[in-house]
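J.: Numbering (this note's numbering), first residue to last: 16 to 311. By construction, the Cβ of each residue, glycine as well, lies at the ideal position given by its N, Cα and C atoms. Got a structure for you, questions after.
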Ligand code: UTP
């Protein structure tokens with residue numbers, strides 16, 4: 016019997032250097048996307064996939080993350096006295112979402128190192144990893160689909176998305192084999208982290224969602240620092256994929272919308288697109304955008 020996935024690990028301890036100076040004293044996961052911090056979208060996605068045990072791996076300057084998912088008694092009381100129930104509900108929503116636990120990474124030695132820190136909390140169970148700065152459109156069922164594929168194949172599952180060749184150098188890139196009669200699920204045979212331009216083996220990039228088997232921890236423990244002198248999750252996954260260890264690695268090909276809010280351009284696109292679709296902001300924003308783009 017394949018053990019069910021019940022826990023989510025959210026690495027949010029990176030330095031966010033692409034967003035300096037905004038991230039000098041504030042984690043990039045707290046940057047607002049319209050009116051919610053990026054991290055709240057990510058926790059909401061985990062909860063929507065049935066994962067209410069959330070472990071956040073945090074680092075320096077991460078107090079704001081903990082405060083966001085905690086009660087804010089004075090603010091709640093003030094809104095209550097004012098009779099502003101709409102805003103009161105919004106403020107309390109983040110607290111009620113999930114059972115959020117926190118762990119400090121210490122030195123930010125890479126994504127693989129952040130995931131390894133979760134070993135004791137996760138134990139001997141499969142678990143999901145959601146990067147704290149990657150937003151997947153709430154209408155998409157990517158994580159639920161990945162959990163279902165894990166249930167069928169008893170393997171580690173990664174999310175893949177087609178990117179333009181010139182963007183491949185920003186991602187881990189996968190080499191895959193099609194599965195007969197199966198659409199959008201592939202077997203991963205090789206992985207390379209941030210390939211040099213022109214050397215990418217495919218256009219399939221690894222994006223920030225994973226369903227991992229606990230065997231990944233043993234592999235991470237012996238994974239040496241790789242690209243950027245960081246312990247790379249990609250390197251540990253490569254070992255599982257190449258040797259077929261613990262069922263190997265499969266990829267779910269995602270064709271929906273994803274925003275890397277740690278990238279300045281993608282962050283701006285996320286705000287414009289999500290705000291354009293909102294009932295309260297969409298109409299005037301779309302109107303303004305038409306005039307604005309016409310003036311360029
Ligand atoms: P990024 O590759 O975006 O790195 O990490 P970063 O250091 O946060 O940002 P830049 O590149 O300097 O701007 C991907 C995810 O892994 C987490 C980050 O918080 C982010 O969610 N991460 C990365 C850690 O938790 N610890 C690390 O040591 C590195």
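Would you kindly check if the distance between the Cβ of residue 130 and the Cβ of residue 115 is under 8 Å?
T.: Indexing the chain shown from 1 puts residue 115 at position 100. Indexing the chain shown from 1 puts residue 130 at position 115. Their beta carbons are not under 8 Å apart, which means residue 115 does not touch residue 130 by this criterion.
J.: Express the C-alpha separation of residue 45 and residue 90 in angstroms, rounding to a whole number.
T.: Along the chain shown, read from residue 1 onward, the residue named residue 90 stands at position 75. Along the chain shown, read from residue 1 onward, the residue named residue 45 stands at position 30. Each residue's alpha carbon lies about 18 Å from the other.
J.: Taking Cβ positions, are residue 73 and residue 80 nearer each other than 8 Å?
T.: On the chain shown, residue 73 is found 58 positions in, with the first residue counted as 1. On the chain shown, residue 80 is found 65 positions in, with the first residue counted as 1. Result yes, Cβ atoms of residue 73 and residue 80 sit closer than 8 Å.
J.: Is residue 207 near residue 188, with beta carbons less than 8 Å apart?
T.: Numbered from its first residue, the chain shown carries residue 207 at position 192. Numbered from its first residue, the chain shown carries residue 188 at position 173. Taking 8 Å as the Cβ cut-off, residue 207 and residue 188 qualify as a contacting pair.
J.: Can you tell me which of 256, 148 and 294 puts its alpha carbon nearest to the alpha carbon of residue 192?
T.: Indexing the chain shown from 1 puts residue 192 at position 177. Ranking the options by Cα distance to residue 192, first place goes to 256.
J.: What number of angstroms, rounded off, separates the C-alpha of residue 163 from the C-alpha of residue 306?
T.: Locating residue 163 in the chain shown gives position 148, counting from the first residue. Locating residue 306 in the chain shown gives position 291, counting from the first residue. Going by the C-alpha atoms only, they are around 45 Å apart.
J.: Is residue 142 helix, strand or coil when you go by DSSP?
T.: By one-based count along the chain shown, residue 142 stands at place 127. Reduced to three states, the DSSP call for residue 142 is strand.
J.: With a 10 Å radius around its C-beta and 16 neighbouring C-beta atoms as the bar for buried, classify residue 195 as buried or exposed.
T.: Reading the chain shown from its first residue, position 180 is the one you call residue 195. Per the 10 Å Cβ criterion, exposed.
J.: Any chance you could list the alpha helix (DSSP H) runs of at least 4 consecutive residues sitting entirely within the segment 115-142, in chain order?
T.: Whole alpha helix (DSSP H) segments, 4+ residues: 126-131 and 134-137.
J.: Return the bridge partner residues of residue 214 from the DSSP annotation.
T.: If you number the chain shown from 1, residue 214 lands on position 199. According to DSSP, residue 214 bridges with nothing at all.
J.: Drop a sphere of 10 angstroms on the beta-carbon of residue 294, count the other beta-carbons inside from all chains shown, and report buried for 16 or more, exposed for fewer.
T.: On the chain shown, position 279 is the one that residue 294 refers to. Residue 294 should be labelled exposed.
J.: Taking the Cβ atom as the reference point for each residue, do residue 150 and residue 24 lie within a distance shorter than 8 Å?
T.: What you label residue 150 is simply residue 135 of the chain shown in a count that begins at 1. What you label residue 24 is simply residue 9 of the chain shown in a count that begins at 1. It is not a contact, given that the beta carbons lie outside the stated cut-off.
J.: Could you tell me the distance, in whole angstroms, from the CA atom of residue 243 to the CA atom of residue 249?
T.: Taking the first residue of the chain shown as 1, we reach residue 243 at position 228. Taking the first residue of the chain shown as 1, we reach residue 249 at position 234. Distance between the alpha carbons of residue 243 and residue 249: 13 Å.
J.: Which residues does DSSP pair with residue 224 in a beta bridge?
T.: Numbered from its first residue, the chain shown carries residue 224 at position 209. Looking at the DSSP assignment, residue 224 forms a beta bridge with 145.
J.: Excluding sequence positions up to five away, which residues of its chain have a Cβ less than 7 Å from the Cβ of residue 86?
T.: Within the chain shown, residue 86 is the residue found at index 71, counting from 1. If we look at residue 86 and ignore the five residues flanking it on each side, its Cβ neighbours are 110.
J.: Would you tell me roughly how many angstroms separate the C-alpha atoms of residue 19 and residue 165, rounded to the nearest one?
T.: The residue labelled residue 19 in the question sits at position 4 within the chain shown. The residue labelled residue 165 in the question sits at position 150 within the chain shown. Whole-angstrom Cα-Cα distance: 9 Å.
J.: Look at the Cβ atom of residue 179, then the Cβ atom of residue 219, and state whether they are nearer than 8 Å.
T.: Within the chain shown, numbered from 1, the residue matching residue 179 stands at position 164. Within the chain shown, numbered from 1, the residue matching residue 219 stands at position 204. No. Outside cutoff.
J.: If you check the beta carbons only, do residue 31 and residue 277 fall under 8 Å apart?
T.: By one-based count along the chain shown, residue 31 stands at place 16. By one-based count along the chain shown, residue 277 stands at place 262. Contact: yes.
J.: Would residue 169 and residue 190 be called neighbours here (beta carbons separated by less than 8 Å)?
T.: Position 154 of the chain shown, counted from the first residue, corresponds to residue 169. Position 175 of the chain shown, counted from the first residue, corresponds to residue 190. No.
J.: Tell me whether residue 234, by its Cβ, gets closer than 7 Å to a heavy atom of the ligand UTP.
T.: In the chain shown, the residue the question calls residue 234 occupies position 219. Result no, Cβ not under 7 Å from the ligand UTP.
J.: I need the straight-line Cα distance from residue 153 to residue 146, nearest angstrom please.
T.: The residue you call residue 153 lines up with position 138 of the chain shown. The residue you call residue 146 lines up with position 131 of the chain shown. Approximately 15 Å between the Cα atoms of the pair.
J.: Which residues end up in the neighbourhood of the ligand SAH when you take C-beta atoms closer than 5 Å to any of its heavy atoms?
T.: The ligand SAH is absent from the structure shown, which contains only the ligand UTP.
J.: For residue 27, does the three-state DSSP call read helix, strand or coil?
T.: Start at 1 with the first residue of the chain shown, and residue 27 comes out as number 12. Strand, per DSSP.
J.: Give me the Cα-Cα distance between residue 64 and residue 200, rounded to the nearest whole angstrom.
T.: If you number the chain shown from 1, residue 64 lands on position 49. If you number the chain shown from 1, residue 200 lands on position 185. Cα to Cα, the separation comes out at about 19 Å.
J.: Could you give the residue range of the alpha helix (DSSP H) that holds residue 282?
T.: Start at 1 with the first residue of the chain shown, and residue 282 comes out as number 267. Counting along the chain, the alpha helix (DSSP H) containing residue 282 begins and ends at 279-291.
J.: Beta-carbon within less than 8 Å of residue 216's beta-carbon, same chain only, minus the 5 sequence neighbours each way: which residues are those?
T.: In the chain shown, counting from the first residue as 1, residue 216 sits at position 201. So the list reads 188, 189, 190, 205, 207 and 210, once near-sequence residues are dropped.
J.: Would you call the CB atoms of residue 222 and residue 48 closer than 8 Å?
T.: Taking the first residue of the chain shown as 1, we reach residue 222 at position 207. Taking the first residue of the chain shown as 1, we reach residue 48 at position 33. Going by C-beta atoms, residue 222 is not nearer than 8 Å to residue 48.
J.: Buried or exposed, going by whether 16 or more other CB atoms sit within 10 Å of the CB of residue 135?
T.: Numbered from its first residue, the chain shown carries residue 135 at position 120. So residue 135 ends up on the exposed side.
J.: Could you tell me the distance, in whole angstroms, from the CA atom of residue 37 to the CA atom of residue 78?
T.: Your numbering for residue 37 matches position 22 in the chain shown. Your numbering for residue 78 matches position 63 in the chain shown. Residue 37 and residue 78: Cα-Cα distance of roughly 16 Å.
J.: Which of the three DSSP states, helix, strand or coil, is assigned to residue 36?
T.: Stepping through the chain shown from its first residue, residue 36 is reached at position 21. Residue 36: coil per DSSP, three-state reduction.
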